[in-house]
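**Q** Protein chains in written order, with the numbering used here: chain A, 17 to 159; chain B, 17 to 159. Positions of the beta carbon are idealized from the N, C-alpha and C atoms, including for glycine. Treat the numbers as computed from the prediction; the structure is a model and nothing was measured.
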DNA sequence: TGTAAACTTATTAGTTTAGTAGGAAAAGAA
DNA sequence: TTCTTTTCCTACTAAACTAATAAGTTTACA
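1) Give a yes or no on whether the C-beta atoms belonging to residue 48 of chain A and residue 58 of chain A are separated by under 8 Å.
2) When DSSP builds the beta bridges, which residues end up paired with residue 81 of chain B?
3) Per the DSSP calculation, residue 21 of chain A is bridged to which residue(s)?
4) For the alpha helix (DSSP H) holding residue 92 of chain B, just list the boundary residues, first then last.
5) Where are the alpha helix (DSSP H) runs, 4 residues long or more, that stay fully inside the region 109–157 of chain B, in chain order?
6) How big is the Cα-Cα spacing for residue 104 of chain A and residue 136 of chain B?
7) Quick check: residue 98 of chain A and residue 64 of chain A, are their CB atoms within less than 8 Å of each other?
8) Check whether the Cβ of residue 31 of chain B sits closer than 7 Å to any heavy atom of the ligand PLP, and report yes or no.
9) Just the Cα atoms here: how many angstroms apart are residue 32 of chain B and residue 56 of chain A?
10) For the 8 Å Cβ check, are there 3 or more pairs between the region 121–129 of chain B and the region 82–102 of chain B?
11) Given that a residue counts as buried once 16 or more other Cβ atoms are within 10 Å of its Cβ, and exposed if not, what is residue 40 of chain A?
12) Cβ atoms of residue 144 of chain A and residue 20 of chain A: under 8 Å apart, would you say?
13) Applying the 10 Å Cβ sphere with the 16-neighbour rule, what's the burial state of residue 24 of chain B?
14) Can you have a look at residue 121 of chain B and say buried or exposed, based on whether 16 or more other CB atoms are within 10 angstroms of its CB?
15) Just to confirm before moving on: does the CB-CB distance between residue 93 of chain B and residue 148 of chain B stay below 8 Å?
16) Quick check: is the beta carbon of residue 150 of chain A nearer than 8 Å to any beta carbon in chain B?
17) Determine the DSSP secondary structure at residue 106 of chain A, reduced to helix, strand or coil.
Following this line, the structure appears as structure tokens:
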């Protein structure tokens, strides 16, 4: 039931971009320095977030990344599923999975199904903005 | 966020023993046959459940396993934590973990903390008996 | 003494994790 | 044009984990 560094770093990257949302395109180097994460490793996580259309990119000099939507419009669920893939606790619950042979007699299916819904709903209920607002030093009004 | 076969098989093993709770000691071979799980693999999962004092054992001829408590007194949470270890989604939330260097400034901690509580409470709220009662053909009163 | 069961330890092929490494392509600046 | 700074892309790797299989030991009933 662990979340890998890929997912956790993706969330931290997106939160860092949220904190600097008004500052235009942010170089990955700056995020890596602030978050103390290997820039080379972050570079590998970026494509997953791009595939989910969560980022805007500028290449070359003064280039960098910017959130494709306002922090209040991006949920932790979106970020995690982009980075980690389907969050379903068992493979038979994954999007497009064909039902397993034991499905009819499977006593455990409802357990995992319930767990999946619970986790998904929880993570869908938290936006990047929500996390920022929850900072110890959060201003009363953000952005 | 996957649950491994170790955890899933542990739950199925415990549910199988729940279904035959009144029949004394059940040989692992029978569970393995019914559940279509390698008996040799189940043998390796047993020690985890034993460490959690979830099972009673009889060795030798006519031996087998039996739940140490009534199915209504064993939760899915207990079974999963025995088999899989701490279910916390991030290592800094694990039992006895020392707080990480970035704890003070970590924006993501509350996310994982909330997720951990949510999942734990959900799984603690489901007993083996609850799962049996939820069977399509469940009798009105069990055991 | 035979047999059926639990118990123990070792091995293994394959996959995943968490990176590191090296360079190509783009684009603005000098 | 050339330099520099950035993203982008592919390959590689050590270590750990997963999901078993295998071989044999111990226990205890018949």
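**A** Concretely, from the data shown:
1) Taking the first residue of the first chain as 1, we reach residue 48 of chain A at position 32. Taking the first residue of the first chain as 1, we reach residue 58 of chain A at position 42. For residue 48 of chain A and residue 58 of chain A, yes; Cβs fall inside 8 Å.
2) Numbered from 1 along the second chain, position 65 holds the residue referred to as residue 81 of chain B. Answer by DSSP bridge pairing, in chain order: B:42 and B:73.
3) In the first chain, counting from the first residue as 1, residue 21 of chain A sits at position 5. None, per the DSSP bridge assignment.
4) As a working mapping, residue 92 of chain B is identified with position 76 in the second chain. Element bounds for residue 92 of chain B: 92–100.
5) Runs of the alpha helix (DSSP H) lying entirely within the region 109–157 of chain B and spanning at least 4 residues, in chain order: 125–140 and 144–149.
6) Translated into the one-based positions of the first chain, residue 104 of chain A becomes position 88. Translated into the one-based positions of the second chain, residue 136 of chain B becomes position 120. Their backbone Cα atoms lie some 16 Å apart in a straight line.
7) For the purposes of this step, residue 98 of chain A is taken as the residue at position 82 of the first chain. For the purposes of this step, residue 64 of chain A is taken as the residue at position 48 of the first chain. Contact: yes.
8) Questions concerning the ligand PLP fall outside what the structure shown contains, since it holds no ligand whatsoever.
9) As a working mapping, residue 32 of chain B is identified with position 16 in the second chain. As a working mapping, residue 56 of chain A is identified with position 40 in the first chain. About 48 Å.
10) By the Cβ test, the region 121–129 of chain B is not in contact with the region 82–102 of chain B, since fewer than three Cβ pairs between them sit closer than 8 Å.
11) Locating residue 40 of chain A in the first chain gives position 24, where the first residue counts as 1. Exposed, by the Cβ-count rule.
12) Position 4 of the first chain, counted from the first residue, corresponds to residue 20 of chain A. Position 128 of the first chain, counted from the first residue, corresponds to residue 144 of chain A. In this structure, residue 20 of chain A keeps its C-beta atom at 8 Å or more from the C-beta atom of residue 144 of chain A.
13) For the purposes of this step, residue 24 of chain B is taken as residue 8 along the second chain, with counting starting at 1. By the neighbour-count criterion, in which a residue is buried when 16 or more other Cβ atoms sit within 10 angstroms of its Cβ, residue 24 of chain B is buried.
14) In the second chain, residue 121 of chain B corresponds to position 105, counting from 1. Exposed, by the Cβ-count rule.
15) To locate residue 93 of chain B, count along the second chain from 1; it is residue 77. To locate residue 148 of chain B, count along the second chain from 1; it is residue 132. Against a cut-off of 8 Å, the Cβ pair of residue 148 of chain B and residue 93 of chain B comes out as no contact.
16) Counting from one through the first chain, the residue named residue 150 of chain A turns up at place 134. Closer than 8 Å to some Cβ of chain B, the Cβ of residue 150 of chain A qualifies, so yes.
17) Working through the first chain from its first residue, we reach residue 106 of chain A at position 90. It is coil, neither helix nor strand.
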